[in-house]
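Participant: I am attaching a structure below and will ask some questions about it afterwards.
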C-alpha cells in the first residue's frame, strides 16, 4: 500500500506533488478532515504505519484518480495474502452515521431483486455491513442464495475496478458465518453446470472459504472435474487452501495423489502441469520415493525443472536480465526523474508477473502495477517485446500476453488482434491472445471479429486442432465481455461452428440484463 501511494504521488499527473511537503500541506480537505504532517505522509508511504481508508481516498482526490481506484487495489491485494478468517477489508471503513437505519435492508432487497442494479461501491457497502454483523438474520432465508448467485454472476462477467470490487465482496460472503454456505453452493452449482462458460474463476474463488463444503467441492473438481478448466480452477484454489491449512488430514492424501498425477501428466494444458508441479514442490514431505524417481524424468523439461527446483517458470539469471531491461525502460519513460527514489518493488512485481507458476500471483502483480503511472509505459514496452520473433517463440510469451490483459490499453489491442490471426506463431501464443482479447483496453471492430472467427473456424473444420477450438472459445468469451450481441447472435446461428462455441454464444446471450449490464457499474 505504501508503495502504491508513493509511486502514484511521485509519477502522477502533477509535478507539484513531487515535494512531499507540498502534498502534506494540501492534504487537509475533501474527505480528509484533519491536518496531515510531512512525517505522517512519509510513514504511510514507507509502510511504517498503514494508511487509513480516508487517507487512501484523499490520495485519489489529490492525484485525480478514479474514485475507489486505490481502495479496490488494496482490498484485492490484501484479500489474496490475508487469512480467510479475515472477513473485513484491510482498509477499515468508518461507519456511515448519516445512513438510515434501514440501509442494510434496502441493499439486501436490491441485491436479491431481479431488476435493481447495484454498483461496485454498493456491493462493497452491502458485504461490509454483513461482515460487521456476523449473526445477521435475513428473511426470507432464500435471499442469501439470491444474493450469492447474483454476485457470483456479476463477478465472472465484470472487469477492471468493477471486477475487483465484486471479487472482494464475493470473498467476504464466502467467509461470512451465515452467508458462506449459500456462496459456496452458488459456486459449486455453477461449476457443475456444463453450459456455464466461466469455470476457472467460479471454482478458484472457493479458496476464500475454509468451510468443509468448499474443500469438498474443490476436491471433487480435482478428482472428477466438470471439465479441464474447472480442474485448473480447483488447482488454483488449492494454493491458498494449502497455505492456510484448509484441508483436513483425511483430505490431504486425496489431494496429494491428484497433484502427483497432474504433475506427471504431460498431455495436460500448458498452465496446469507447471501449477501442479509447484504445488508438489510445496509438499516435499508427502512425495513418495517412487514419485521422486519419476520427478527426475521431468528435469528434461526446462520449465518444469525450474518450477520444481525454484518455484519459477524460467532460469533466474535469464529472467533477471529481462526484468532489469523492462524496469529500466519503464522508469526511463516516466514523465519526470526522481533522483532520490530507487524503486526496488517494481522489479519484484515484474518478476512475479512473468515468472511465477501460480496464475493468481502473476495476475495480482499485474493488477498492482496497473494501479500506478507505470501502467502505460509498461504496456507499450511489453507489446514491443511481442513484436520480436525470438520472444514469441520463448516460454515467457504467454505470460506477457496475460499481463497485457490487465495493463493493455487501446494502443496494445492491435498487437493482440494481430497475434490472433497471424500465421507462424506458436499455438500457445495464438490461444493466449484469443483468451486475452476480452480484457485488453479498447474495442475491436466487427470486421476484426468476423475475420478472426472465419480464420479459426476454417482451421478447425480442416484440422480439428484443439488450438483452433480454444481460439474460437477465447474469441467468443471476448465477444461476451465486449457485449457484442450482434456477432454473438451470428455465432449461435452458424451450424458450421463447433457446438461448444455455439453453446458459449448462447450462454452469453441468455445472461440476465441486470447481471450483464450492471456488472461493470
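In full-length UniProt numbering, the protein residues as written are 1 to 521.
Note that beta-carbon positions come from the ideal geometry of N, C-alpha and C, so glycine has one too.
Just to check my reading of the structure: residue 204 and residue 169 have Cβ atoms closer than 8 Å, yes? What is that Cβ distance to the nearest angstrom?
Facilitator: The beta carbons of residue 204 and residue 169 sit about 16 Å from each other, so the pair does not count as a contact at 8 Å.
Participant: Judging by CA-CA distance, which residue of 116, 106, 231, 22 is the nearest neighbour of residue 191?
Facilitator: 231
Participant: Less than 7 Å between C-beta atoms, sequence neighbours within five positions excluded: which residues of the same chain meet that for residue 15?
Facilitator: 336
Participant: Can you check the stretch 461-492 for any alpha helix (DSSP H) of at least 4 residues that lies completely inside it and give the ranges in chain order?
Facilitator: 466-481
Participant: In angstroms, rounded to a whole number, what distance separates the CA positions of residue 422 and residue 106?
Facilitator: 52 Å
Participant: Can you tell me where the alpha helix (DSSP H) holding residue 435 begins and where it ends?
Facilitator: 427-436
Participant: Closest to residue 1 by C-alpha separation, out of 446, 22, 432, 44, would be which residue?
Facilitator: It is 44.
Participant: Name the residue from 165, 193, 244, 61 whose alpha carbon lies nearest to the alpha carbon of residue 83.
Facilitator: Checking every option, the nearest Cα to that of residue 83 belongs to 244.
Participant: Among 229, 187, 194, 50, which residue has its Cα nearest to the Cα of residue 217?
Facilitator: 187
Participant: Which residues mark the beginning and the end of the alpha helix (DSSP H) in which residue 39 is found?
Facilitator: 38-45
Participant: Short of 7 Å in beta carbon distance, which residues of its chain neighbour residue 154, apart from the five on each side in sequence? Order them along the chain.
Facilitator: 166, 515, 518, 519
Participant: Go ahead and pull the three-state DSSP assignment for residue 120.
Facilitator: helix
Participant: Check the DSSP bridge columns for residue 32 and list the partner residues they point to.
Facilitator: 29
Participant: Excluding the 5 residues preceding and the 5 following residue 145 in the sequence, name in chain order all residues of the same chain whose CB lies nearer than 8 Å to its CB.
Facilitator: 182, 185, 186
Participant: Residue 358 and residue 275 look like a contact to me (Cβ under 8 Å); what is the Cβ gap, rounded to whole Å?
Facilitator: 6 Å
Participant: Are the stretch 125-136 and the stretch 172-180 touching by the rule of at least three beta carbon pairs closer than 8 Å?
Facilitator: yes
Participant: How many angstroms separate the CA atom of residue 240 from the CA atom of residue 495?
Facilitator: 42 Å
Participant: How many Å lie between residue 98 and residue 122 at the Cα?
Facilitator: Any answer about residue 98 is weak, because its pLDDT of 49 lies below 50 and its placement is not dependable; what the coordinates show is given next. In a straight line, the C-alpha of residue 98 is about 16 Å away from that of residue 122.
Participant: Do the CB positions of residue 277 and residue 242 come within less than 8 Å of each other?
Facilitator: no
Participant: Given this structure, state the Cα-to-Cα distance separating residue 440 from residue 246, to the nearest angstrom.
Facilitator: 35 Å
Participant: Can you look up residue 98 in the DSSP assignment and give me helix, strand or coil?
Facilitator: Caution is warranted here: a pLDDT of 49 is assigned to residue 98, below 50, making its placement in the model unreliable, and no coordinate value can be reported.
Participant: Sorted by chain position, which residues of the same chain lie with C-beta nearer than 8 Å to residue 21's C-beta, five sequence neighbours on each side aside?
Facilitator: 38
Participant: Give the straight-line distance between the Cα atoms of residue 344 and residue 327, rounded to the nearest whole angstrom.
Facilitator: Distance between the alpha carbons of residue 344 and residue 327: 10 Å.
Participant: Within the continuous alpha helix (DSSP H) that includes residue 144, where are the two ends?
Facilitator: The continuous alpha helix (DSSP H) containing residue 144 extends over residues 142-157.
Participant: Expressed to the nearest angstrom, what Euclidean distance is found between the alpha-carbon atoms of residue 490 and residue 467?
Facilitator: 22 Å
Participant: Take residue 355 and list the residues in its own chain whose beta-carbon comes closer than 6 Å to its own, dropping the five residues that flank it on each side.
Facilitator: If we look at residue 355 and ignore the five residues flanking it on each side, its Cβ neighbours are 312, 313, 314, 319.
Participant: I'd like to know whether the C-beta atoms of residue 521 and residue 120 end up nearer to each other than 8 Å.
Facilitator: yes
Participant: Is residue 456 helix, strand or coil by DSSP?
Facilitator: helix
Participant: Would you call residue 196 buried or exposed, if buried means 16 or more other Cβ atoms sit within 10 Å of its Cβ?
Facilitator: Burial call: buried.
Participant: Can you look up residue 365 in the DSSP assignment and give me helix, strand or coil?
Facilitator: helix
Participant: Suppose contacts are defined by Cβ-Cβ distances below 8 Å. Is residue 157 in contact with residue 404 by that definition?
Facilitator: no
Participant: Could you tell me which whole beta strand (DSSP E) segments of length 3 or greater appear in the stretch 301-342?
Facilitator: Inside the stretch 301-342, DSSP marks no whole beta strand (DSSP E) run of 3 or more residues.
Participant: Closest to residue 347 by C-alpha separation, out of 71, 338, 378, would be which residue?
Facilitator: 378
Participant: Using only the alpha-carbon positions, how far apart do residue 413 and residue 367 sit?
Facilitator: Between the alpha carbons of residue 413 and residue 367 lies a gap of roughly 18 Å.
Participant: Can you tell me which of the three DSSP states residue 264 falls into?
Facilitator: Looking at residue 264 - three-state DSSP - the assignment turns out to be helix.
Participant: In or out: residue 23 buried (at least 16 other Cβ within 10 Å) or exposed?
Facilitator: buried
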